[in-house]
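Colleague:
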Ligand code: GAR
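In my numbering, the protein residues as written are 12 to 229.
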């Protein structure tokens, strides 16, 4: 059983989606520990409610990013974590964590990367006038939201959208694709080919998978 460690800074709805997928038998993995850099993150409550060890690691008390990540790695290793899932973890992943888990850190991001990396990305998509946005699960590398892409979901941007309405539409899809990406990893169906992640899965129907917004009227 794949041992997953989840890092989360906030409300933890993606953590919940992972826990729910496991409970429903859609994900063959175990969340062994949830770590947060925020003492009162709701993600830690969700972990406790699910009987998963919940740990706060204090950035300020650690005295620098290397020591902070070193502490996180200790906690992950204590719990035999094999794959690290960043689920709303609002810090850039540094070399200590990446060296401890090379090719074994995945992140969920609320845009269609490589468009709109970083923060406030739903607002940025609306302001840019994009007709589609979505979410991306990717392997984490040393850059900010630059690592190889595993799976993406696309949602339309509607004329009346606010940052909140678009974020909610994207979040629904995050909850579908993050557990799916972890399951593909757990099943050994992901293979790296340079920047590309080749996924051992059926090809989509090409017209059916194409999206047009606004739609072409019949
Ligand atoms: C999610 O939308 C996630 O994609 C985003 O934060 C939210 C966390 O929600 N992550 C990032 O922006 C990472 N840079 P959650 O705590 O309810 O899972």
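Built from N, CA and C at the ideal position, the CB exists for glycine as well.
1) Does the distance between the C-beta of residue 90 and the nearest non-hydrogen atom of the ligand GAR fall short of 7 Å?
2) Compute the beta-carbon to beta-carbon distance between residue 105 and residue 76, rounded to the nearest angstrom, for a pair I have assumed lies under 8 Å.
3) Going by beta carbon distance, what residues of the same chain come within less than 8 Å of residue 59, once the five residues before and after it are set aside?
4) Confirm, please, whether the CB-CB distance from residue 160 to residue 92 is below 8 Å.
5) With 16 as the cutoff for other CB atoms within 10 Å, does residue 155 come out buried or exposed?
6) Below 7 Å CB to CB, which residues in the same chain sit around residue 230 once its five sequence neighbours on both sides are set aside?
7) Taking the straight line between their C-alpha atoms, what separation do you get for residue 193 and residue 149?
8) Quick one: using the 10 Å Cβ neighbour count with 16 as the cut-off for buried, is residue 170 buried or exposed?
9) Provide the residue(s) that pair with residue 47 in DSSP beta bridges, ordered along the chain.
10) As an exercise, report each continuous beta strand (DSSP E) stretch of at least 3 residues that is fully enclosed by the region 106-145, in chain order.
11) Among 33, 120, 40 and 46, which one has its Cα closest to the Cα of residue 199?
12) May I have the straight-line CA-CA distance separating residue 127 from residue 135, to the nearest angstrom?
13) Quick one: residues in its chain with C-beta nearer than 6 Å to the C-beta of residue 55, no 5 flanking neighbours on either side, listed in chain order?
14) Taking the straight line between their C-alpha atoms, what separation do you get for residue 42 and residue 88?
15) Check whether the Cβ of residue 104 sits closer than 7 Å to any heavy atom of the ligand GAR, and report yes or no.
16) Would DSSP call residue 84 helix, strand or coil?
Modeller: So, from the listed chains and residues:
1) As a first step, residue 90 must be located in the chain shown, where it is residue number 79. Residue 90 Cβ: outside cutoff for every heavy atom of the ligand GAR.
2) Mapped onto the chain shown, residue 105 falls at position 94. Mapped onto the chain shown, residue 76 falls at position 65. With 8 Å as the limit, residue 105 and residue 76 qualify as a contact, their Cβ atoms being about 5 Å apart.
3) Against the chain shown, residue 59 aligns to sequence position 48. Hits under 8 Å: 65.
4) Position 81 of the chain shown, counted from the start, is the residue given in the question as residue 92. Position 149 of the chain shown, counted from the start, is the residue given in the question as residue 160. No, the Cβ-Cβ distance between residue 92 and residue 160 is not below 8 Å.
5) Within the chain shown, the letter at position 144 stands for residue 155. By the 10 Å Cβ count, residue 155 comes out exposed.
6) This structure cannot speak to residue 230, because the chain is shown only from 12 to 229.
7) Here residue 193 refers to the residue found at position 182 of the chain shown. Here residue 149 refers to the residue found at position 138 of the chain shown. Whole-angstrom Cα-Cα distance: 11 Å.
8) Reading the chain shown from its first residue, position 159 is the one you call residue 170. Exposed: under 16 other Cβ atoms inside 10 Å.
9) Translated into the one-based positions of the chain shown, residue 47 becomes position 36. 67, per the DSSP bridge assignment.
10) 116-120
11) Position 188 of the chain shown, counting from 1, holds the residue named residue 199. Among 33, 120, 40 and 46, the Cα nearest to that of residue 199 belongs to 40.
12) As a first step, residue 127 is located in the chain shown; it is residue number 116 there, counting from the start. As a first step, residue 135 is located in the chain shown; it is residue number 124 there, counting from the start. Near 7 Å, if we compare the C-alpha coordinates of residue 135 and residue 127.
13) The residue you call residue 55 lines up with position 44 of the chain shown. Result list for residue 55: 47 and 65, in chain order.
14) What you label residue 42 is simply residue 31 of the chain shown in a count that begins at 1. What you label residue 88 is simply residue 77 of the chain shown in a count that begins at 1. Taking the straight line from one Cα to the other gives about 13 Å.
15) Here residue 104 is taken as the residue at index 93 of the chain shown, counted from 1. No - the ligand GAR has no heavy atom lying nearer than 7 Å to the Cβ of residue 104.
16) Taking the first residue of the chain shown as 1, we reach residue 84 at position 73. Under the three-state reduction of DSSP output, residue 84 falls in the helix class.
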